[in-house]
Every structure is written in C-alpha cells, then in structure tokens.
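*Asks:* In mature numbering (1 follows the signal peptide of the UniProt record, and there is no 0), the protein residues as written are -29 to -1, 1 to 857. C-beta atoms are modelled at their ideal positions from N, C-alpha and C, and glycine is treated no differently. The structure that follows is given in the form of structure tokens.
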Amino acid sequence: MVVLSADLPAGLRMLSLLALSNLAGLSSGAAILPRDDVPAGYVAAPYYPTPYGGWDDDWADAYTKAADLVSQMTLAEKTNISSGTGFFMGPCVGNTGSALRLGFPQLCLQDGPLGVRTTDNITAFPAGITTGATWNKQLMYERGVALGQEFKGKGANFYLGPSVGPLGRKPRGGRNWEGFGADPVLQGIAGAQTIKGVQEQGVIATLKHAIGNEQEEYRMYSVIQAGYSSNIDDRTLHELYLWPFADGVHAGTGALMTSYNAVNGSADSQNAYLINGLLKDELGFQGIVMTDWLAHLSGVSSALAGLDMNMPGDTLIPIVLGTSYWMYELTRSALNGSVPMDRINDMATRIVATWYKLGQDQDYPPPNFSSNTRDREGPCYPSALISPTCVVNQYVNVQADHATVAKAVAQEAITLLKNNGSFLPISTSVPLSVFGTDAQTDPAGANSCTDKSCNRGLLGMGWGSGSADYPYLDDPISSLKRKAGNVTYYDSDTFPSSIPTPGANDVAIVFINSDSGENSYTVEGNHGDRDASGLSAWHNGDALVKAAAAKYSNVVVVIHTVGPLVLEPWIDLPSVKSVLVAHLPGQEAGDSLTEIIFGEATPSGHLPYSIPKSEDDYPSSTDLITFEFLGQAQDTYTEGLYIDYRYLNKNGKTPRYAFGHGLSYTTFALSSVSLTSVTELTTLPPTRPAKSTSVVASLNQTIPAASEAYYPSGFNRIWRYLYSWLDSGEADAAYAAGQSGTEYAYPAGYSETQKAGPPAGGPSGGNPALWDVAYTISATVRNTGASHAGKAVVQAYVQYPSGSAYDTPVIQLRDFIKTDSLATSSSSTVELSLTRRDLSVWDTTLQNWVVPAGEFKIWLGQASDDLGWVCSTSTGACQESDAGPV
C-alpha cells in the first residue's frame, strides 16, 4: 500500500501521486491518500464490515443458485467477474471478466439513460428531465419497458441508468437533465418506474450516481487533484439525496453506481459509510455496487468499503500501461489476507445472484454491436497494440414500435407556461415566420458531433455519456412545413435586418435553447455545467425573442432546455402570447410539438423544477464552484433541505413559474376530495425484521491455494487486457505473506463481525414499515372546459404540523397522478397515497424515521402554487381553500 504523508500540502500530495500511481497499480492495487479536511460536523464515519447480500427473501433463490456457482469458482474466477477488462477492451463501454469454465459469461455494461449509446438501429428517447415533465407514471414505465427491450436486443446486460443523482440542487448543473426533476419524490417515482420497466425485460438497471454529484467541473479525482467533497448533513442526506435511491432499491434495482466525488471527505467509490452503511445495511441493497468509469481509487480500501465491481477496470490513467487496482491485484490481496475471503465471496455472489435474479442465465443474447466502431469488422480489443479482428457489428434493429412511446413522452412533457387570451392553438392556415436554428436538424448532421458535444440546430438531448445517436430526427421546421400552408423559415439566431412587414394575424414562432452535459467536453465555454451561459438562452436567444416581439404582434416562443431559464427579459412583452417548454424531446421533436401548436393534442406537461425571476433567487450555496487550484474543493450544503421550491417558499420569493406549473387548452376542477386512514402511525416505525442468515456465510472463507491464481499454462496474453491471474512466483509470495500471520493495517473502526443492522434498515428499501400506506386521498377531476379534451395532473403535498420541533419546508411533494384524456364535461376519480416515510422526518439523534406529533395538512392541486384543497389528518376532513400554503 502506498501512503503519502499527511504533512504534504494537498496539491503536492496529488503531484506526488502522479509519480506513484502507476507504481501503486503495479505493486499493490492501492493508492491511498489522507482525506482533506472538511468543515466541522460533516462526517463520513467508518462502517465495517460489508453486510452480506442474500438476507432478503425476494432474492433467496437467486442467492442460493449464486452461492452454488461461486463455491465452484477459483479465486481468479471470483476476482475476474468483479472487474472490467479495461478501456476499449471489448464491445461495450464496460466489459467484465468471466468464468466461462462454469458457464458465467463476460457481462456487457452500456450507456445511457435515454438510449443505447454509440450504436445504430436504436431509439433516441426523450431525456429524463422530459420524462419527469410528463408527470405520467404509466409513460415512465412504458419508456422503461422500451429501453429494456432495446438494451436486451443489443445484448447489453446492464442499462447504465436511470439517473436520480444529481437531484438538481444546482440549477446550472451539467447533468440535471439526465434525471427527472428537482424533487426527490418526482425523481424517486420516475426512477422506480423506469427500473421496473427495464428489469421486466431481464436487463439489470443501474441506479446512479450515489451521491452528491451536483455539478460536473471538479467532480473527478485525478493524479493532480481530488474530486470535490459534497458535505451533506445527516438529515439532508436522508430526506433529499438518499430518498430517490431508496425508491430505486425498493423497486429492486440490480445495480447502483457511485459517483466521482467525495461525500464528507471520503471518495464515494470507497466511502464505507455510504456503501456499507447506507446502501447495503440501511437500505438493504442486495445487488451490485459499481464505480463510475475511472472512479476507482484504491484496491483494498474500496473492497472493504463494500464496492463489488470496478469499471472499466483501469487505474486513473487508463490504457497506457494496462494496470488495475483490482483484477490481479485483488487476487493478490486475497492471497495475502488483506481482503478477507468473505468479502471476495460476497462481491462475487452479489454479481452472480443479480445475473440469476434477472434471468440472464436463460438464453441471454451476447453483444451484437460495438461501442468502438461502426464498421462491420474491427479489432476485438481496440486498446491492444495487436488485436485479432472480429465481426463487431451485426446491425441488429431493436427499434420495434418504440417511436410511439418516445413521441408520447415528448408530447406529454410539453409544458405550456403562458397562453394569453388562449392564443394557442392556432390554425394551419395562419402565416408563420419561424426564427432560430433550434427549429432544424444540425445542417452538418444530427449525429455530427461526438456525444452531442456541440449545440448546432435542434437541442434534443444534452451532451456526454447520457446521449445516444439519432436514428432520425423529426425536427419542428419539417413538421411545420408538412402541416401548415404558409411557413417562412429564417435559419439564423440573429433577427434579420429586413423582412416583410407582417400582417396583424401573422405569427412568429421563435426557437431558443440552453444546453449542458458531461465535463468530458467543453461546449461554447461551458465545462459541462452552464458555467458560461448561466440560466440565459444560448446564441443570444433573448435578443432574438425581443426582436421578434418588436416586429410581430403575435409571438410564440418554443424552448428546448436542460433546465430552468430566466425569462424576464421578454416574458411580459405584450406580443409574446404563448410560451412552450419542450424540454429535450429526443428523436420525435417535430410532430410532438406541432400537434400541440395546431390543436391536434392538448398540452399536459408540468414543470419538474421552478423557473425563478433571477438566479439571485437561489441560495448562494448552490452556486457552481468555478475555481479550485490543486486542493479539494469543498461543496458544503449549508442550505440543507431548502432547494428549488422549498427554498423559494421559505424565503417568500415568488418564482416566475412554480414547480409543477403547467397550463392546458382546457380547465380542470377537483371535487369530492376525501382522506382515508389506512395504517395507524406510531411515532417510530415498528421494529425492523431481523436479517436472515446469508448463504454467503456458508461459503469457504479460507485463503485458497496459490495455484488458484496461476496463469494457465501456455496462455497467450493480450497487451493492456486486464487479467485476474498472477505469475506463479507472485502468487506464491502473496500466499506466503498471507500465511505469515502479519496483521494488515485495516482502517480505523474496521470490524469483521456482521451487524444486526440499524433500526431504520431492512430488506430492499429499509424498514418495510416505511412503505406502509398511511393515507389515501380520493378526488374527482372534471374537465370544465368547453372545447378541448385534456389530461390533468393532480399533485399532493404534505405540510408538517405547526410547532413541530423539526424544521420542515412549507410543503413537500409526496405523490402525483395523471388522468387519462378527459373529454369536455367528463370526469375521473383518482387516488393518491402517502406512506409512513412520506410523513416522517429523519431524526439524527435516534437515527430513525419519526412521525412528528400534530396535525398534518395534505394539499391537493395542479401545481405547487395552485393547491385548492386541503385535508386534515386530525379531523379526516377535506375542504376547498381560497388561501393555499404558499
């Protein structure tokens, strides 16, 4: 183990690591640095050992099968399946080792959240933020089904999604669009529905990124600088950032991915409190915890902290030398006794059990595509100096009828912010002038920029690993020209100096956008996050709207955006009649939008975040970190629970458009609202169930013979490919060290005794009582409009008892439902529910969920600032209210 002196300044310690990192990778599989100091009160406590998997009854059969298979594996086979084989050392973005002797294959891990990345014949679905804007649980599920079918059709074992972290704490954050919105409940429900849909197809969902990856720049550890530390207090961690992960674990996600950054000073990929304590013990997660790509920082420490799989297998500097902190190093660590065999057995069993749980032992297809080339034939191992040639692309079309689902999501997400005088919808006979390059496909080609790392033409998705290639792009200008009889397009982001004087009924449609993505690319000065553009439209979009509004009496603004924009420069201009946010629509951007504009469909999207009047309306603690030299940036969550609408409400800041806002071409009214008590709540939840005995405990925990790690005789190695075997001399030396009785210097607080688990814990999501339904709310929704059918979204918010000892936001979203299309004067009865968890707060002293004493008010309405009904848990009565909570 390489240890650098804590006396060195942070920057010099990192520079010293540059000289030592490859040596460390070759010698011990570990490069450990002392943690930088974090602010007082933010603690990443030791939590050991890793809880065994297999104590959830729903996973019992899979674990029984897995334990039987793992018991037959050699040490090298166990370590082989836990690690990637190296960057570009296989068809997928991540490729594990295998145990082919026993029928366990190499597994394919593939991006990304909105479609199968870097291949063809797939569907480019709307992004997560678009999906969240539908507020439609069924569509969220159907999108997951379609994604799962496409990933399986391509032979990918893992779908690297959904993303529920970042949560959207920082409005400028680069990858907020991959998730579903700036609220843990919206994120959690959408993530769970996606997981359900994907995994019903037999594909392993990978919930990411745990936890605190709220901005892109400075997120990654490198050989010269540590990734930033997200410093989060215990209550905020539980009630905001861990919340959607609990939903995903409860939904049965097979895998979880850690994030690049640290939490409270400890890197997430080796944060024992996060992985062992929160994910595996408190949430009772039974599946696989993996790293993000190149987020693996150590050998022994990460294994002891509960990591099960490292991706793509390399050290911080990939490809160059073909070194790893695991693979052969994990084999060495098992032989010398530094990583106990029960940890090796547990990680291998978790991987195999997840494979069985998803039914991948039954005729699961191998990969039929390559992430590395579009050619039919190419190198089997592109990073190798010399590689055999394989058929790497079979061009399998997996699209089926998924364009229908993609279009439905894109359309139901479209959010009508403003519609003065019911201006929309308009007739196809109205003369239209269309402005802005965002209306058209990139003239250089829809896929002309790698991973969408440019902002030319229509913005259908952000950039980076969360993107996918378009099979085609139905752009708005093509759709407008197909549908309308008189369309003039000005394909520029600058308003023309001379255009014909418009008639009084002419309509200008102005397209503007705002982009962001992963920090692996810088686009127009934005380093992943919107650090250069802020919350203003790109390409001088505000000026384009104002110029159009000065020329035309009727202006419709269409916005494609990754997140909130400040609209104040033009939103109140009298000629700006209507504003539509189409979010990130994917391949079906055209007809999904124009059907709304021309009244073939009615908008039903609602905002998944607030739109402020000024960026200054947000707490300064959620500003981006834009400069840190060599040391570890400290990102301290001093705002606590108060982000987005929670913060605005607490501080009396009226947003331009509130969280959950969305207009329709019709109107809806709620009536007959009733509250039913289902489960009587105690202050603390009932005692959690005891863990059952895990089959992992029955496996042989003795250090095996060194021969289990020997390279096979005559084996032909591929340069840079990562293997789990050792040369016989190295294996013998490691085994001798393990038998010598030398005690390894384990981390402070290390223990080998399995814990009973915390009171809040339990199988797959925590104490099962947390998921008990406490109340149901029934309501009748009626379409009260005169001419348009439409879908209504009903949102339920909880207001905690006044005078409670716990500081809580004014209101918090707890459930929602979207109706089917309601014809004029027709109605539908909907039901929402609140669980024990929904009415609890996290008590940092008791380390448990507590239901505060007193009257809860349950508010019902169509947006966070449009809550016209309130129910009392004390009286059980519900009534209309003229004065909402905000």
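#1: Relative to the C-alpha of S835, which candidate in S735, S358 and R627 has its C-alpha closest?
#2: Output the distance between the C-alpha atoms of T503 and L538, rounded to the nearest integer angstrom.
#3: Once the 5 residues before and after G83 are set aside, which same chain residues still bring their CB inside 7 Å of it?
#4: Give every residue of the same chain whose Cβ lies closer than 6 Å to the Cβ of R617, excluding the five residues on either side of it in the sequence, and list them in chain order.
#5: Quick check on DSSP: helix, strand or coil for S799?
#6: Give me the Cα-Cα distance between Q850 and C842, rounded to the nearest whole angstrom.
#7: Quick check: A104 and H577, are their CB atoms within less than 9 Å of each other?
#8: So if DSSP puts V528 in a beta bridge, which residue, or which two residues, is it bridged to?
#9: Less than 6 Å between C-beta atoms, sequence neighbours within five positions excluded: which residues of the same chain meet that for D422?
#10: Using the three-state DSSP reduction, which class does S(-9) fall into: helix, strand or coil?
#11: Please check the pair P535 and Y608, which I expect to be a contact at CB under 8 Å, by giving their CB distance rounded to whole angstroms.
#12: Would you list the residues sitting across from N281 in a DSSP beta bridge?
#13: Going by alpha carbons, who is nearest to H373 out of G145, V765 and G557?
#14: Note down, in chain order, each residue of its chain lying with its Cβ closer than 6 Å to the Cβ of A640, except the 5 sequence neighbours on either side.
#15: Quick check on the DSSP output: what are the complete beta strand (DSSP E) runs of length 3 or more inside the segment 428 to 466, in order along the chain?
#16: May I ask which residues mark the beginning and end of the beta strand (DSSP E) holding M191?
#17: Is the beta carbon of K789 closer than 9 Å to that of V812?
#18: Which residue wins for smallest C-alpha separation from Q120, given the options Q370, I100 and A704?
#19: Measuring alpha carbon to alpha carbon, tell me which residue in P772, P718, S469 and K662 is nearest L733.
#20: DSSP state of A2, grouped into three classes?
#21: Tell me whether A2 is buried or exposed, calling it buried when 16 or more other Cβ atoms sit within 10 Å of its Cβ.
#22: For K389, which residues in the same chain have their Cβ closer than 8 Å to its Cβ, ignoring the five residues on either side in sequence?
#23: Let me know if L831 comes out buried or exposed under the rule of 16 or more other beta-carbons within 10 Å of its beta-carbon.
#24: For Y777 and G24, what's the separation of their Cα atoms in angstroms?
#25: Any chance you could list the beta strand (DSSP E) runs of at least 3 consecutive residues sitting entirely within the segment 335 to 378, in chain order?
#26: Grab me the residues of Y327's own chain with a C-beta within less than 7 Å of its C-beta, minus the 5 sequence neighbours each way, in chain order.
#27: Helix, strand or coil for Y212 per DSSP?
#28: With DSSP as the reference, please indicate the residues paired to N390 in a beta bridge.
#29: Within the chosen definition, does the segment 687 to 704 reach the segment 288 to 300 through at least 3 CB pairs nearer than 8 Å?
#30: Tell me which residues share the same chain as T177 and place their Cβ nearer than 6 Å to its Cβ, disregarding the 5 neighbours each side in the sequence.
#31: Need the endpoints of the beta strand (DSSP E) that K522 sits in, please.
#32: In this structure, does DSSP put T846 in helix, strand or coil?
#33: Counting along the chain, where does the alpha helix (DSSP H) carrying V156 start and finish?
#34: By alpha-carbon positions, which one of A704, I596, T806 and T713 ends up nearest to S200?
#35: Cutting at 7 Å between CB atoms, please list the residues of its own chain near C63, excluding the five before and the five after it.
#36: How about the segment 683 to 690 and the segment 274 to 292: do they share at least three Cβ pairs that are nearer than 8 Å?
*Replies:* Quick answer:
#1: R627
#2: A small correction: the amino acid at residue 503 is Ala; Thr does not occupy that position in the sequence shown. When rounded, the distance between both Cα atoms is 17 Å.
#3: L131, G132, S436, G437, S438 and A439
#4: P780
#5: strand
#6: 7 Å
#7: yes
#8: V481 and V550
#9: W434, G435 and S438
#10: Bear in mind that a pLDDT of 36 at S(-9), under 50, signals an unreliable position, so the model cannot answer this.
#11: Contact doesn't hold; Cβ gap of about 19 Å is too wide.
#12: S54
#13: G557
#14: R753 and T755
#15: 458 to 461
#16: Premise fails: M191 is in no beta strand (DSSP E) and is neither H nor E.
#17: no
#18: Q370
#19: The identity of residue 733 in the sequence shown is Gly, whereas the question assumes Leu. Comparing Cα-Cα distances from G733 to each of P772, P718, S469 and K662, the minimum goes to K662.
#20: Unreliable placement is indicated for A2, whose pLDDT of 43 sits below 50; the coordinate value is still reported in the next sentence. Note: A2 maps to strand in three-state DSSP.
#21: Confidence is the limiting factor: at A2 the pLDDT is only 43, short of 50, which leaves the residue's position unreliable, though a coordinate-based value still follows. Buried, since its Cβ has 16 or more Cβ neighbours within 10 Å.
#22: I542, V547, K548, S549, V550 and L634
#23: buried
#24: 35 Å
#25: 348 to 350 and 360 to 362
#26: A33, K36 and A37
#27: helix
#28: S549
#29: yes
#30: F129, L131, A226 and M228
#31: K522 -> not in any beta strand (DSSP E); alpha helix (DSSP H) instead, spanning G512 to K522.
#32: coil
#33: P155 to Q170
#34: I596
#35: C79, L80, Q81, A127, P338 and S342
#36: no
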